[in-house]
Amino acid sequence: PGGGVVIILPPAPGGIIVPVPPTLPGGIPTPQNPAIAANSPTVRSQNTSEGSRLDLDFTAAAAARTPGTVSPTHTFLVQSNEAINIPSSVRVFQNFRDSESRGSLIPIPVGLSANEALEDMVVDQVRRRLYIANSGLNRIEVFDMRTGQLMNPIRAGQLPRSLAMTPDGATLYVANSGGENIGIVDLDRMQVTGRVKFPPLPFNSGAATITPSIIAASERGLQVLMNNGTLWKVVGNEAVPRNVSPAIGSSVIAAPRTMVATPNGEYIMLLAGTGFAYLYDALADEYIQARQVFTNPITGFYGPVAAGPRGQFYVANGTILNAALTPIGTPALATGRPVAAVASVGPSSFVRFTQPVRANANAPASDPGTVEVVDVNSGFPIRTAAALEGPISTLVGGGRVNINGRTMAVDAAGTTVYALTTTGLSVLPLETPLPSDRPVLNQNGTVSLSSYIPAFAPGSLITLFGRNLAASETSSEYPAPNILGGVCITLNSTPLPLLMTSAGQVNAAIPPELAAGRYSMVVRSVDRKAASVPQQLTLARVAPSIFADPVTKEALLFRSSGQRVSKENPARRDESLMLFATGLGATKGGRAVSGRPSPATPLAEVDDVQLYFGDPRYRQSEMIVEWAGLTPGLIGIYQINLRVPGDRNRGRDLPVTLRSGGVESQKTGPVVPVVSVD
Numbered sequence: 026p027g028g029g030v031v032i033i034l035p036p037a038p039g040g041i042i043v044p045v046p047p048t049l050p051g052g053i054p055t056p057q058n059p060a061i062a063a064n065s066p067t068v069r070s071q072n073t074s075e076g077s078r079l080d081l082d083f084t085a086a087a088a089a090r091t092p093g094t095v096s097p098t099h100t101f102l103v104q105s106n107e108a109i110n111i112p113s114s115v116r117v118f119q120n121f122r123d124s125e126s127r128g129s130l131i132p133i134p135v136g137l138s139a140n141e142a143l144e145d146m147v148v149d150q151v152r153r154r155l156y157i158a159n160s161g162l163n164r165i166e167v168f169d170m171r172t173g174q175l176m177n178p179i180r181a182g183q184l185p186r187s188l189a190m191t192p193d194g195a196t197l198y199v200a201n202s203g204g205e206n207i208g209i210v211d212l213d214r215m216q217v218t219g220r221v222k223f224p225p226l227p228f229n230s231g232a233a234t235i236t237p238s239i240i241a242a243s244e245r246g247l248q249v250l251m252n253n254g255t256l257w258k259v260v261g262n263e264a265v266p267r268n269v270s271p272a273i274g275s276s277v278i279a280a281p282r283t284m285v286a287t288p289n290g291e292y293i294m295l296l297a298g299t300g301f302a303y304l305y306d307a308l309a310d311e312y313i314q315a316r317q318v319f320t321n322p323i324t325g326f327y328g329p330v331a332a333g334p335r336g337q338f339y340v341a342n343g344t345i346l347n348a349a350l351t352p353i354g355t356p357a358l359a360t361g362r363p364v365a366a367v368a369s370v371g372p373s374s375f376v377r378f379t380q381p382v383r384a385n386a387n388a389p390a391s392d393p394g395t396v397e398v399v400d401v402n403s404g405f406p407i408r409t410a411a412a413l414e415g416p417i418s419t420l421v422g423g424g425r426v427n428i429n430g431r432t433m434a435v436d437a438a439g440t441t442v443y444a445l446t447t448t449g450l451s452v453l454p455l456e457t458p459l460p461s462d463r464p465v466l467n468q469n470g471t472v473s474l475s476s477y478i479p480a481f482a483p484g485s486l487i488t489l490f491g492r493n494l495a496a497s498e499t500s501s502e503y504p505a506p507n508i509l510g511g512v513c514i515t516l517n518s519t520p521l522p523l524l525m526t527s528a529g530q531v532n533a534a535i536p537p538e539l540a541a542g543r544y545s546m547v548v549r550s551v552d553r554k555a556a557s558v559p560q561q562l563t564l565a566r567v568a569p570s571i572f573a574d575p576v577t578k579e580a581l582l583f584r585s586s587g588q589r590v591s592k593e594n595p596a597r598r599d600e601s602l603m604l605f606a607t608g609l610g611a612t613k614g615g616r617a618v619s620g621r622p623s624p625a626t627p628l629a630e631v632d633d634v635q636l637y638f639g640d641p642r643y644r645q646s647e648m649i650v651e652w653a654g655l656t657p658g659l660i661g662i663y664q665i666n667l668r669v670p671g672d673r674n675r676g677r678d679l680p681v682t683l684r685s686g687g688v689e690s691q692k693t694g695p696v697v698p699v700v701s702v703d
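Taking my numbering, the leading residue of the sequence shown gets 26, the next gets one more, and so forth.
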């Protein structure tokens with residue numbers, strides 16, 4: 026109200042609206058990336074009685090090329106000279122996921138700054154919560170693992186970077202990089218109850234500000250790593266610098282740095298940017314071990330760390346270390362997929378989040394990533410689950426990307442993984458679907474809807490028989506939905522319009538845009554995250570099939586008045602009749618579109634159609650076909666307008682044969698159509 030909304034976006038070739046390209050120093054605009062333009066969703070604004078509305082179209086072509094969430098994401102600037110209370114921008118995430126992917130995405134906004142994101146995550150197994158540092162919105166996100174919903178956030182300071190929960194689970198420390206500040210949160214009250222004090226420093230306007238960067242909780246209290254690489258600790262509620270450790274031999278830890286504590290705080294592992302790992306022992310209150318784990322050149326994701334119970338093992342960048350930080354074997358990952366995150370599962374296993382290798386930033390990813398539970402002793406995966414999207418950072422080729430170390434967690438039962446990803450929080454169950462959840466197609470259970478034999482053509486109506494297919498539902502709208510009754514059916518990843526679903530039968534339409542050939546058909550249960558075994562389907566150029574009553578076998582033949590032709594009311598000389606069929610293939614004139622009613626202007630017509638009442642070898646059997654084509658307003662149903670000639674066969678239960686493109690309709694099978702002619 027008060028003015029229209031304007032989307033400030035320049036049009037790209039082809040009419041696609043794309044985000045404004047960034048500007049380089051000096052005012053020179055960056056050339057528009059063709060890959061970004063091709064993947065950008067189309068956006069339109071409409072003025073309605075309730076105000077302006079933004080409509081964005083999912084870019085299916087981009088999704089098909091990019092499993093997971095299309096990268097980069099798109100941010101649209103919204104402006105109006107008169108309107109108030111409008112969002113300054115709209116960020117769009119386009120996610121393409123397989124229907125078998127078990128899990129969900131929880132979008133979490135992080136603001137407009139490209140430098141701020143979801144930085145750290147801590148799991149509270151007692152309260153079954155996740156605490157996530159959201160530096161973009163200056164708050165701690167709280168996710169309830171029981172309900173699968175975000176709770177009210179906690180505001181604990183400016184630009185929260187790192188979190189640490191005390192071993193007793195009562196207190197959460199929040200390191201804020203927006204100031205020399207560590208907040209103290211009472212987790213029962215979900216409120217900030219105090220702050221860690223830092224000692225005063227002499228003023229020096231030329232010195233950079235020193236702020237807490239990474240924190241970890243031990244049995245001896247909070248251990249702090251400052252942004253300048255110095256080590257501190259918290260005594261009571263005051264932070265003090267640590268003395269130089271003999272094991273480290275320096276007062277400064279090289280960047281980038283990550284740190285992780287064991288679940289009960291007995292030990293802390295610190296990973297430095299030089300490839301060295303350091304081990305802190307809470308009993309001695311000292312770093313007792315130093316080990317060079319990685320040597321140059323260091324490639325892949327650098328920073329993911331995890332620690333097993335009581336320090337039985339550690340994981341750094343996917344490499345398993347023993348209690349003395351000695352590598353105990355390279356994970357058995359022959360493909361060399363980079364590891365974006367790791368987390369401890371139990372005393373002998375951990376979970377890792379692997380990513381496909383991308384040749385360049387514009388190359389589509391082959392998959393959105395894989396979550397694997399790995400046995401520490403063998404290094405082999407023991408359970409695997411597909412992810413829904415990739416991590417916040419993208420790795421290209423053989424480069425190196427420094428990332429935060431604690432971006433993944435596992436619930437106490439070890440059945441669900443929580444990871445910080447592109448959209449926000451990914452919730453990924455590790456349990457495999459039960460066999461009873463999978464749809465099952467009968468052998469040769471896909472047949473023509475009219476003849477009940479396996480003969481198909483582009484545009485045909487089909488029916489699928491099986492078990493546990495779908496919920497009972499009927500489509501009553503156009504275009505016909507691709508998901509109905511909780512299922513989606515695909516031919517080589519092309520979804521079929523669905524007309525009716527039930528546990529034992531599903532009726533669908535083959536898209537007329539498909540070409541003749543052999544296709545793999547899969548019934549995908551969206552609700553149960555399970556899929557049937559693929560079944561091969563062969564499409565011919567034409568596969569004529571006549572609709573008939575399955576009991577009387579009489580063809581669906583009607584007079585212009587709507588009266589049905591039957592034994593009691595047989596067809597007569599010079600009568601104009603209408604016959605209905607499916608599978609006549611491609612049309613001319615009006616364009617048939619998948620899932621949409623057949624056009625009325627112009628009509629979608631079919632040539633080369635002959636119709637016979639009786640044996641096609643006799644001249645008297647041929648009817649006069651006046652017109653043939655798709656019935657306007659219906660999907661996949663062809664109509665043949667005919668006239669009965671004077672020289673005709675007469676009798677009851679004459680076989681009806683429809684010939685199109687030299688191919689004849691069904692002469693055998695459960696439903697062979699007949700007609701009575703007087």
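Virtual Cβ for every residue (Gly too), placed ideally from N, Cα, C.
No experiment lies behind these values; they were computed from the predicted model shown.
Fewer than three beta-carbon pairs drawn from the stretch 642-650 and the stretch 693-701 are found closer than 8 Å, and the two stretches are therefore not classed as touching. Collapsing the DSSP output to three states places Ser70 in a strand. Excluding five sequence positions before and after Pro624, the CB atoms of its chain that fall closer than 6 Å to its own CB belong to Gly615, given in chain order. The alpha carbon of Gln635 has as its nearest neighbour, out of Leu81, Val669, Ala332 and Thr98, the alpha carbon of Val669.
For Glu166, the enclosing beta strand (DSSP E) covers residues Arg164 to Asp169. Going by DSSP, Asp552 is part of no beta strand (DSSP E) at all; its letter is neither H nor E. Close CB contacts of Pro595 within its chain, under the 6 Å cut and outside five residues either way in sequence, are with Ser701, Val702 and Asp703 (chain order).
The secondary-structure analysis by DSSP pairs Asp82 across a beta bridge with Thr67. Per DSSP, the unbroken beta strand (DSSP E) holding Val472 starts and ends at Val465 to Ser473.
Counting only runs of 3+ residues, the beta strand (DSSP E) found wholly inside the stretch 150-215 occupies 154-159, 164-169, 185-190, 196-201 and 206-211, in chain order.
Within the same chain, Gly491, Arg492, Asn493 and Ser557 come within 7 Å of Val465 by CB-CB distance, once the 5 residues on both sides are set aside. The stretch 373-419 is shown to contain whole beta strand (DSSP E) runs of 3 or more residues at 374-379, 395-400 and 406-411, in chain order. In the structure shown, Gly423 falls within a coil segment according to DSSP collapsed to helix, strand and coil. Out of Glu600, Pro695, Ala653 and Thr626, the CA that lies nearest to the CA of Arg673 is found in Glu600. Check the Cα spacing between Leu524 and each of Arg549, Leu486, Ala540 and Leu539: the tightest is with Leu486. Within the same chain, Cβ atoms closer than 8 Å to the Cβ of Ser114 are found at Thr100, Phe101, Leu102, Val103 and Leu137, the five residues on either side in sequence being excluded.
In this structure, the straight-line span from the alpha carbon of Pro657 to that of Ser586 is close to 18 Å. The beta carbon of Gly671 lies closer than 8 Å to those of Arg598 and Asp599 in the same chain, with the five residues before and after it left out.
The shortest CA-to-CA distance from Val199 to any of Ser160, Ala565 and Gly254 is the one to Ser160. Distance between Ala505 and Cys513, taken at the CA atoms: about 12 Å. Taking each of Pro92, Pro406, Tyr312 and Leu162 in turn and checking the Cα distance to Pro393, the smallest one comes out for Pro92. When DSSP states are grouped into helix, strand and coil, Arg431 belongs to the coil group. Beta-bridge partners of Gly449 (DSSP): Pro132. Straight-line measurement puts the Cα of Ile239 at about 10 Å from the Cα of Gly254.
Counting along the chain, Val115 sits inside the beta strand (DSSP E) bounded by residues Ser114 to Val117.
Of the residues assessed, Thr287 falls on the buried side of the cut-off, its CB having 16 or more other CB atoms within 10 angstroms. The alpha-carbon of Ser497 is positioned some 54 Å away from that of Thr218.
Counting the other CB atoms within 10 Å of its CB gives Thr526 a total of 16 or more, which places it among the buried residues.
Of the other Cβ atoms in all chains shown, fewer than 16 fall within 10 Å of the Cβ of Trp652; this residue is therefore exposed. At least 8 Å separates the beta-carbon of Thr607 from that of Tyr544. No Cβ-Cβ contact shorter than 8 Å links Gly449 with Ile209.
CA-to-CA, the gap between Thr515 and Gly336 works out to about 48 Å.
Inside the stretch 594-662, DSSP marks whole beta strand (DSSP E) runs of 3 or more residues at positions 601-607, 634-638 and 649-655, from first to last along the chain. For Pro460, the three-state secondary structure derived from DSSP is helix.
Counted as a single uninterrupted DSSP element, the beta strand (DSSP E) harbouring Asp306 occupies residues Phe301 to Asp306. In terms of CA proximity to Gly470, Ala480 leads the group Asp462, Gly290 and Ala480.
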